[in-house]
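Undergrad:
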Amino acid sequence: MLSTQTGTAHNVTNQARQPCTTCRAVNRYSVVGSDSPTHYPYITAHRPDILDIFLLDLPNTHYLLTNHCELSSDHNPQMLNLSSRPSMSGPQSASKRINWRKFQTELTPQIKNIRITTIDDINKNIDQLTKAIQSEIKNYS
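Quick note: the sequence shown uses our numbering, first residue 262, plus one each step.
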């Protein structure tokens with residue numbers, strides 16, 4: 262099993278400089294990726310994307326991939342659980358739907374008129390924003 266980020270310097274070739282798509286086809290790897298974005302870039306012109314994938318080379322393997330929607334960095338943590346038997350339950354986070362209008366309505370007053378004059382203010386406000394977003398997602402999902 263190999264876990265990688267497709268946005269790294271090795272997104273087209275592996276360490277042996279073989280094209281990854283050819284390597285995957287020849288070796289019959291399974292490509293496992295999340296159905297929701299795993300990368301949220303800091304540059305606002307860039308869109309969220311799925312950058313984190315797993316390559317599996319294990320026969321008869323059942324897996325459960327969980328995308329943990331935690332705003333701790335620009336990447337969401339991924340957890341891949343492997344089993345030789347099928348899982349009876351699906352991922353909990355996949356069943357949640359977020360009401361984005363309510364989310365926006367509740368979050369907007371919390372982030373309006375934020376005053377930043379020092380570096381400490383930046384850090385404090387980032388922490389408050391992160392907590393507010395996490396709280397509102399829990400409330401409206």
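Using N, Cα and C, we set each Cβ at its ideal position, and we do this for glycine too.
Any idea what DSSP makes of I304, helix, strand or coil?
TA: Locating residue 304 in the sequence shown gives position 43, where the first residue counts as 1. Note: I304 maps to coil in three-state DSSP.
Undergrad: Across which residues does DSSP place H323 in a beta bridge pair?
TA: Here the question's residue 323 lines up with position 62 in the sequence shown. For H323, which the question treats as bridged, DSSP gives the partners S344.
Undergrad: Alpha helix (DSSP H) containing P298: first to last residue?
TA: One-based indexing of the sequence shown puts residue 298 at position 37. First-last for P298: undefined, no H or E at that position.
Undergrad: Should S396 go down as buried or exposed, given a rule of 16 or more other Cβ atoms within 10 Å for buried?
TA: For the purposes of this step, residue 396 is identified with residue 135 of the sequence shown, where counting begins at 1. That one is exposed.
Undergrad: Going by C-alpha distance, which of T305, H307, P302, Y324 is nearest V292?
TA: Position 31 of the sequence shown, counted from the first residue, corresponds to residue 292. Among T305, H307, P302, Y324, the Cα nearest to that of V292 belongs to Y324.
Undergrad: Under three-state DSSP, which class holds D310?
TA: Within the sequence shown, numbered from 1, the residue matching residue 310 stands at position 49. Residue state, collapsed to three classes: strand.
Undergrad: Can you tell me which residues form a DSSP beta bridge with Q339?
TA: Working through the sequence shown from its first residue, we reach residue 339 at position 78. Looking at the DSSP assignment, Q339 forms a beta bridge with N328.
Undergrad: Are the Cβ atoms of Q339 and S295 separated by less than 9 Å?
TA: Counting from 1 along the sequence shown, the entry for residue 339 is found at position 78. Counting from 1 along the sequence shown, the entry for residue 295 is found at position 34. Contact flag set, yes.
Undergrad: Roughly how many angstroms separate the alpha carbons of K373 and L317, rounded to a whole number?
TA: In the sequence shown, residue 373 corresponds to position 112, counting from 1. In the sequence shown, residue 317 corresponds to position 56, counting from 1. Using only the alpha carbons, I get a separation of about 46 Å.
Undergrad: Consult DSSP for R362 and reduce its assignment to one of helix, strand or coil.
TA: Your numbering for residue 362 matches position 101 in the sequence shown. Three-state DSSP puts R362 in a helix.
Undergrad: How is N386 classed by DSSP in three states: helix, strand or coil?
TA: Position 125 of the sequence shown, counting from 1, holds the residue named residue 386. Reduced to three states, the DSSP call for N386 is helix.
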